Amino acid sequence: MAGDNCLHVKGQTCPFYLRRCIRRMLKTNIDSLPDDIVFDILVHIPAQDIYNATRLVCRKWYQMILTHNFIHVHLQHSTCGLLIKNWLDRTSHPTFVAMRQGRIEISKLSDKFNHLFLSSCNGLILEFDCLKSYALYIANPVTKQRSALPTFSANTTSDCSAIAYAATSMEYKVVNTCYFMNGNTDEFEHDCAILTVGVDKSWRRVNIQHLSLTAKELLKRTPFATEVHSERLGYYHYLSMGSYLSLLIDCSEFSWEVWEMKPETGEWTKMPKIDLEAQKCTFEQLCCKYDSSSSLTCSLLPVGWLKSKEVLVFNVFKEHTLPIFISPWFCIAYNVRTREIYSIELDSICNTFLVHRNSLVWLDGC
Amino acid sequence: MVTTDEKGPLTAKKKSVIIRSCDGDEFLVSESAAVLSTSLKKILEEKEDRLIHLSDIDNKTLAMVIAYLSTHADDGLSDDLKRSFDQEFVSGKEFDVLKYLVLATDTLQVTCLCYTVAKKMADIMKNKLVEWVRREFDIQNDYTPEAEAEIRRLDAWAWDDRQLEDD
Numbered sequence: 004m005a006g007d008n009c010l011h012v013k014g015q016t017c018p019f020y021l022r023r024c025i026r027r028m029l030k031t032n033i034d035s036l037p038d039d040i041v042f043d044i045l046v047h048i049p050a051q052d053i054y055n056a057t058r059l060v061c062r063k064w065y066q067m068i069l070t071h072n073f074i075h076v077h078l079q080h081s082t083c084g085l086l087i088k089n090w091l092d093r094t095s096h097p098t099f100v101a102m103r104q105g106r107i108e109i110s111k112l113s114d115k116f117n118h119l120f121l122s123s124c125n126g127l128i129l130e131f132d133c134l135k136s137y138a139l140y141i142a143n144p145v146t147k148q149r150s151a152l153p154t155f156s157a158n159t160t161s162d163c164s165a166i167a168y169a170a171t172s173m174e175y176k177v178v179n180t181c182y183f184m185n186g187n188t189d190e191f192e193h194d195c196a197i198l199t200v201g202v203d204k205s206w207r208r209v210n211i212q213h214l215s216l217t218a219k220e221l222l223k224r225t226p227f228a229t230e231v232h233s234e235r236l237g238y239y240h241y242l243s244m245g246s247y248l249s250l251l252i253d254c255s256e257f258s259w260e261v262w263e264m265k266p267e268t269g270e271w272t273k274m275p276k277i278d279l280e281a282q283k284c285t286f287e288q289l290c291c292k293y294d295s296s297s298s299l300t301c302s303l304l305p306v307g308w309l310k311s312k313e314v315l316v317f318n319v320f321k322e323h324t325l326p327i328f329i330s331p332w333f334c335i336a337y338n339v340r341t342r343e344i345y346s347i348e349l350d351s352i353c354n355t356f357l358v359h360r361n362s363l364v365w366l367d368g369c
Numbered sequence: 003m004v005t006t007d008e009k010g011p012l013t014a015k016k017k018s019v020i021i022r023s024c025d026g027d028e029f030l031v032s033e034s035a036a037v038l039s040t041s042l043k044k045i046l047e048e049k050e051d052r053l054i055h056l057s058d059i060d061n062k063t064l065a066m067v068i069a070y071l072s073t074h075a076d077d078g079l080s081d082d083l084k085r086s087f088d089q090e091f092v093s094g095k096e097f098d099v100l101k102y103l104v105l106a107t108d109t110l111q112v113t114c115l116c117y118t119v120a121k122k123m124a125d126i127m128k129n130k131l132v133e134w135v136r137r138e139f140d141i142q143n144d145y146t147p148e149a150e151a152e153i154r155r156l157d158a159w160a161w162d163d164r165q166l167e168d169d
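Top line first, the protein sequences correspond to chains L and Z. Heads up, the final residue of the first sequence is numbered 369 in our numbering, and it's a clean run with no missing numbers. Heads up, the final residue of the second sequence is numbered 169 in our numbering, and it's a clean run with no missing numbers.
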């Protein structure tokens, strides 16, 4: 095995040495890894761990983690999941469910959230405080930063709002739609306004006079943003995972037609149908397991993809509680490819689901 | 314009190269596997040498990298199999071993493996205490106890009052 004995190979007399000479490799331990490698490793660590531990390792790491470049690259590597919040108990800790390495991971946010969650984008959550004159806030639950937005209007609610990121101007924008009774004319009117976060001091009205009646109807709903939650329009469920939008149309109680939109062209493509009729008993048994008082009948509402085109989460409703949405302490994740069903235990029976990713982003251009 | 080189690319003959680790062990590797490393590819393009001496990679680490390269150069394996090989490859390896691997893959510029190893290291670091990370990365704590306490103290909700109204 001696190095110089390979005489059968021609022209080997000049061994090539790679430029970077890391002599310390010869020792039993490496002193420290180069900064660029440390960067490549740290971008894979979940935001929560970075905030709680990684940034405290040393000053050099702390500085690296604060850079726009790190926050941006880290965001690209972050996993989209579903943030589940109990809307009855306003002091509960929200649950975050995401897929990591093919497994479903469930974690609790460390803080209580008094406000309702409306929308999420790049880790920033748009919150709504219905007790305090319908105030809107933007919060990052990981870095624990929160900022209040200018009040929209004293007499209309602003719960139909969504946050989105405008990549070209690197700004966050909040869109608000509302539908209200005009006191003077006694007619219902639509309204739409937009706010550039950190720039606008007040909301800018969007002219909607030229819109058709059908288009105006859409303004009754929460505006779609880059990471929308389940938007139920009649029998249509718009679900998103990052920049990708899918549509599920009810065929029966337990089957859905699936469409997906190409982000580049806006073109819709039909995907294989999801049919869970055969698994109906499984859901009913689960209902009984979690809540023995529950009736056997239940229904499913698609709320979001845990993994694009692969794992879909359904909220479960006990039939007799409709239209008050009460889920029997669990929701279901269904793998479209392997047809496996997983139940995810919840700590509440009244939940909202929001597509979310944990990040280190804040409103300063990251 | 019309005439083309009839011989075509040099893929017909299966060539191999010898790679020598810093501790003198030699590995016979097919050229198709070696060129998956951007660094080795450059060396092979520049020189006719069939022996490449890597002065900074030990034999154990080099053996692992070569096993990876050979698997990925095997046209007979499907992408799915290669992906599961990757997962298998990093699983169960100790953090220290992964450190040598990530350095070697960075030196040899094997981007995919570097990514997989870095991701695995991040997975191991999850839920670990600051002290554990410092020990594994051989980092001295350069925070004064006061500075560290200050960061921890700031671990509470911060109100950004840029937009706050008068309340």
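Beta carbons: idealized from backbone N, C-alpha and C, even for Gly. Owing to the predicted nature of the structure, the values given are computational and were not obtained by experimental measurement.
L187/L burial status per 10 Å Cβ neighbour count (16 or more: buried): The amino acid at residue 187/L is misidentified as Leu; the sequence shows Asn. Exposed, since its Cβ has fewer than 16 Cβ neighbours within 10 Å.
Sequence-distant residues of its chain with Cβ nearer than 6 Å to E260/L (five each side left out): I252, C254, K276
Whether L30/Z touches S39/Z by CB criterion (8 Å): no
Contacts around R155/Z, its chain only, beta-carbon distance under 7 Å, and the 5 residues preceding and following it disregarded: none
Opposing strand residues paired with T355/L [DSSP bridges]: According to DSSP, which records beta bridges pairwise, T355/L is partnered with K88/L.
Beta carbon proximity, E150/Z to chain L, threshold 8 Å: By this cut-off, E150/Z is an interface position.
CB contact below 8 Å: G14/L versus chain Z: In this prediction, G14/L scores a pLDDT of 36, lower than 50, which makes its location untrustworthy; the coordinate-derived value is nonetheless stated afterwards. Taking Cβ atoms only, chain Z reaches closer than 8 Å to G14/L, which makes this a yes.
Straight-line Cα distance separating K273/L from Q111/Z: 41 Å
Inter-residue CB distance, V60/L and V67/Z (contact presumed, cutoff 8 Å): Wrong, their Cβ atoms sit about 28 Å apart, outside the cutoff.
Boundaries of the beta strand (DSSP E) in which I277/L is found, first to last residue: 271–278
DSSP-derived helix/strand/coil call for K147/L: If DSSP states are grouped into helix, strand and coil, K147/L belongs with coil.
Whole-number beta carbon distance between I54/Z and R22/Z, since they are thought to touch under 8 Å: Rounded, the Cβ-Cβ distance is 7 Å, consistent with contact.
Close beta carbons around T180/L, own chain, < 6 Å, minus the five adjacent residues each side: C163, C195, L222, P226
Proximal residues to V145/L (C-beta, below 6 Å), its chain only, five neighbours per side dropped: A50, Q51, Y54, N361
Element boundaries [beta strand (DSSP E), containing A108/L]: The question names Ala, but residue 108/L in the sequence shown is Glu. First-last of the beta strand (DSSP E) with E108/L: 106–111.
8 Å contact criterion, which A165/L and S205/L should meet: CB distance rounded: So it is not a contact: roughly 19 Å between Cβ atoms.
Test: V104/Z CB closer than 8 Å to a CB of chain L: yes
Through-space distance from N338/L to V314/L, alpha-carbon basis: 4 Å
Collapsed DSSP secondary structure at C61/L in the structure displayed: coil
Test: C114/Z CB closer than 8 Å to a CB of chain L: no
Contacts around L242/L, its chain only, beta-carbon distance under 7 Å, and the 5 residues preceding and following it disregarded: S233, S249, L251, P305, G307, W308
Reference E138/Z; option with closest CA among L100/Z, L64/Z, Y117/Z: L100/Z
R149/L, buried or exposed, once every other Cβ within 10 Å from all chains shown has been counted against 16: Counting C-beta atoms within 10 angstroms of its own C-beta, R149/L has 16 or more neighbours from the protein chains shown and is therefore classed as buried.
Residue from D92/L, L86/L, L45/L, R62/L whose Cα sits closest to the Cα of H77/L: Among D92/L, L86/L, L45/L, R62/L, the Cα nearest to that of H77/L is on L45/L.
Validate contact between the region 69–86 of chain L and the region 98–105 of chain L using beta carbons, cut 8 Å, 3 pairs: yes
Identity of the residue in E348/L, K283/L, D367/L, L366/L nearest E108/L by Cα: Taking the Cα of E108/L as reference, the smallest distance to any Cα among E348/L, K283/L, D367/L, L366/L is reached at E348/L.
Under 8 Å between C-beta atoms of L119/L and P153/L: no
V135/L to F116/L span [Cα, whole Å]: It should be noted that the sequence gives Lys, not Val, for residue 135/L. One C-alpha to the other measures close to 14 Å.
Candidates F191/L, A151/L, S351/L, of which the one nearest D203/L by Cα: A151/L
Residue-chain proximity (D144/Z, chain L), Cβ-Cβ < 8 Å: yes
Cβ pair L105/Z, I40/L closer than 8 Å: Against a cut-off of 8 Å, the Cβ pair of I40/L and L105/Z comes out as a contact.
Neighbour-count burial assignment, T70/L, 16 or more Cβ in a 10 Å radius: exposed
With 16 other Cβ atoms within 10 Å as the buried cut-off, status of D367/L: exposed
Below-8 Å beta-carbon distance, V177/L vs any chain Z residue: no
Within-8 Å CB hit, I68/Z to chain L: no
Any chain Z beta carbon closer than 8 Å to I166/L: Under the 8 Å criterion on CB atoms, I166/L is classed as non-interfacial with respect to chain Z.
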